[in-house]
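Q: Next up is a structure, given as structure tokens.
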Amino acid sequence: MNRMLKPTIISIAMATVMAAAAISPALGLIAQHFSEADEIWIKLVLTAPSLTVIPFSFLSSYLTKKLPKKVIVLIGISIYIIAGVGAQFSPSIEVLLVLRFLLGAGVGLVMPLALTLISDHYDGKERAKMFGYNTAFSNVGGIVTILLAGYLASLSWNAAFNVYWLGLVIFVLVLFYLPTNEPIKVDKHKRREKVPFYVYGYALAACGVMLAYTAIGTNMALFLEQNNFGSSQTAGLVLAFSTVGGLMTSLYFVHLQFLFKDHLIAAGLLVMGLGFVVIIFSPIVWLILVGVCFVGFGQGILFPVINMKVLAEASPTISDKVVSIVSSMIYVGQFISPILLDGIGKIMSMGTVRFQYGVLATALIISVVSMYVYRFFFTRKNESVSSSA
126 MNRMLKPTII SIAMATVMAA AAISPALGLI AQHFSEADEI WIKLVLTAPS
176 LTVIPFSFLS SYLTKKLPKK VIVLIGISIY IIAGVGAQFS PSIEVLLVLR
226 FLLGAGVGLV MPLALTLISD HYDGKERAKM FGYNTAFSNV GGIVTILLAG
276 YLASLSWNAA FNVYWLGLVI FVLVLFYLPT NEPIKVDKHK RREKVPFYVY
326 GYALAACGVM LAYTAIGTNM ALFLEQNNFG SSQTAGLVLA FSTVGGLMTS
376 LYFVHLQFLF KDHLIAAGLL VMGLGFVVII FSPIVWLILV GVCFVGFGQG
426 ILFPVINMKV LAEASPTISD KVVSIVSSMI YVGQFISPIL LDGIGKIMSM
476 GTVRFQYGVL ATALIISVVS MYVYRFFFTR KNESVSSSA
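The numbering of the sequence shown is the working numbering, which starts it at 126 and goes up by one.
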């Protein structure tokens, strides 16, 4: 196995993170340039890719039975570069949005394969390491691209879209270093294999984790403002700490897996919940940084372990479909996070971000308690069945 295979596979995952948020620093300038456009159209510039990622991720899993995965990745990255870079030449907001939707299509083709390629080429401890690295370097990719886009945006609104030229590096790595596999062969006479029910449970869990984690990015600036903790610069520092937390746990994922064993998911949920508790009751910014770091720690544990769990028992013929289901629910969680939390706040007549973070802390801690209550009764039930037998 060549030494460039690991960075090649990890780079594919980094491309998926760069999709939407990369040009967020330029959003204000885009609004100024297309001043006649409605505010909702401007917001769609960021969210549009996530809407097309979902159907194209399922298309990707279908194509693995027709084409080698390497070919699908190259097609997806090509669309990614053309739509990403080409957006800077948009003469109108409508053309810009079409290209953003197209960018999401490219990401959708690539996203499931970023995980199944790990499952294809690695197993055991090495596979666990790669899932951790996948999440860690995705966070790094997010930081680098946002900083680079911020610099480019200082030149002009459209210069920020040049950040997608980074996709060319990924294209070259895939072209030269990713092995070409045969399409997945499906026996037409064999009964079609169904997706195991447990996959949907993990997909729902991934949706919930992303919903909670997204609340840091969407609400932190407002939380700091509501509580007189600082400016937008302070918000930027706080948000960076959530990424640092995720990076650290992802890099040491194998060690954490050995330490917590069957309690790893509970540990991730509990750390996230405690992070929100710390944020809620923090009297100073430095404690908020600690709380946000805890939230990052938790998601850095949970996403790799969820991906490992769903792929552990899935056969190669459905592995891409399984990943598509989980990945799609992650994007659903990201999309509905502000809608759901704002809705709960309005229903309860509690409009503060502190209340929303309290809801998330409560939900996460209740999830941990529920897991152990279920385990306790399930274990006792099995013991009683065994003793009666």
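Ideal Cβ positions, reconstructed from N, Cα and C, are used throughout, including at glycine.
To test your reading of the DSSP string, which unbroken beta strand (DSSP E) runs of 3 or more residues are found completely within the stretch 438-476?
A: none
Q: Helix, strand or coil for Pro237? Go by DSSP, reduced to three states.
A: In the structure shown, Pro237 sits in a helix (DSSP, three-state: H, G or I).
Q: Within 10 angstroms of the Cβ of Met475, are there 16 or more other Cβ atoms? Answer buried if so, exposed if not.
A: exposed
Q: When DSSP labels each residue in this structure, what does Asn306 get in the three-state scheme?
A: coil
Q: Taking only the alpha-carbon atoms, compute the straight-line gap between Thr141 and Trp411 and give it to the nearest angstrom.
A: 31 Å
Q: Out of Ser244, Ala391, Gly458 and Gly342, point me to the one whose CA is closest to Val417's CA.
A: Gly342
Q: Distance check for Ile218 and Trp166, CA to CA, integer angstroms please.
A: 8 Å
Q: Rounded to the nearest angstrom, what separates Gly275 and Leu184 at their Cα positions?
A: 33 Å
Q: So, for Thr359: in the same chain, excluding its five sequence neighbours on each side, which residues have a beta-carbon less than 7 Å away from its beta-carbon?
A: Within the same chain, Leu349 and Val410 come within 7 Å of Thr359 by CB-CB distance, once the 5 residues on both sides are set aside.
Q: Going by C-alpha to C-alpha distance, which of Met335, Ser136 and Ile404 sits closest to Ser521?
A: With the chain represented from 126 up to 514, any question about residue 521 goes unanswered, as that position is not in the structure.
Q: For Ser186, does the count of other Cβ atoms within 10 angstroms reach 16, so buried, or fall short, so exposed?
A: buried
Q: Who are the Cβ neighbours of Leu347 in its own chain at under 8 Å, not counting the five residues just before and after it?
A: Val478
Q: Just to confirm the assignment: which complete alpha helix (DSSP H) runs, minimum length 4, are found wholly within the stretch 178-245?
A: 194-211
Q: Kindly indicate which three-state DSSP category Glu318 falls into: helix, strand or coil?
A: The answer is coil: DSSP assigns Glu318 none of H, G, I, E or B.
Q: Should the stretch 250-259 be called in touch with the stretch 198-206, which here means at least 3 C-beta pairs below 8 Å?
A: no
Q: Taking Ser462 as the reference, give the member of Leu273, Ser281, Pro429 and Cys332 with the closest Cα.
A: Cys332
Q: Excluding the five sequence neighbours on either side, which residues of its own chain have a C-beta within less than 7 Å of the C-beta of Tyr247, listed in chain order?
A: Met255
Q: Using a 10 Å radius around the Cβ and a threshold of 16 neighbouring Cβ atoms, would you call Ala437 buried or exposed?
A: Answer is exposed; the Cβ neighbour count stays below 16.
Q: Given a cut-off of 7 Å on the beta-carbon distance, is the pair Pro429 and Phe378 in contact?
A: yes
Q: What separation, rounded to the nearest whole angstrom, lies between the Cα atoms of Ala173 and Gly370?
A: C-alpha separation (whole angstroms): 28 Å.
Q: In its own chain, which residues sit with a C-beta less than 6 Å from the C-beta of Val178, not counting the 5 before and 5 after it?
A: Gly229, Val232, Gly233 and Tyr456
Q: Report the residue from Val299, Leu169, Phe422 and Asp467 whose alpha carbon sits nearest the alpha carbon of Asn344.
A: Asp467
Q: What residue from Ala486, Ser281 and Asn306 has the CA that sits closest to Pro441's CA?
A: Asn306
Q: What do you get for Trp290, buried or exposed, if any count of 16 or more other CB atoms within 10 angstroms of its CB means buried?
A: exposed
Q: Could you spell out the range, first to last residue, of the alpha helix (DSSP H) harbouring Ala162?
A: Premise fails: Ala162 is in no alpha helix (DSSP H) and is neither H nor E.
Q: Is the beta carbon of Val447 closer than 7 Å to that of Val518?
A: Any question about residue 518 goes unanswered here, given that the chain covers just 126 to 514.
Q: Is the number of C-beta pairs between the stretch 392-405 and the stretch 485-492 that are closer than 8 Å three or more?
A: yes
Q: Would you report the Cα separation of Ala439 and Ser244, rounded to the nearest angstrom?
A: Counting only the Cα atoms, Ser244 lies some 10 Å from Ala439.
Q: Near Ala151, what residues of its chain come up, given a Cβ to Cβ distance below 6 Å and the 5 sequence neighbours on each side ignored?
A: Ala278, Trp282 and Ala285
Q: Going by CA-CA distance only, name the one from Leu300, Leu176 and Met496 that's closest to Thr133.
A: Comparing Cα positions, the closest option is Leu300.
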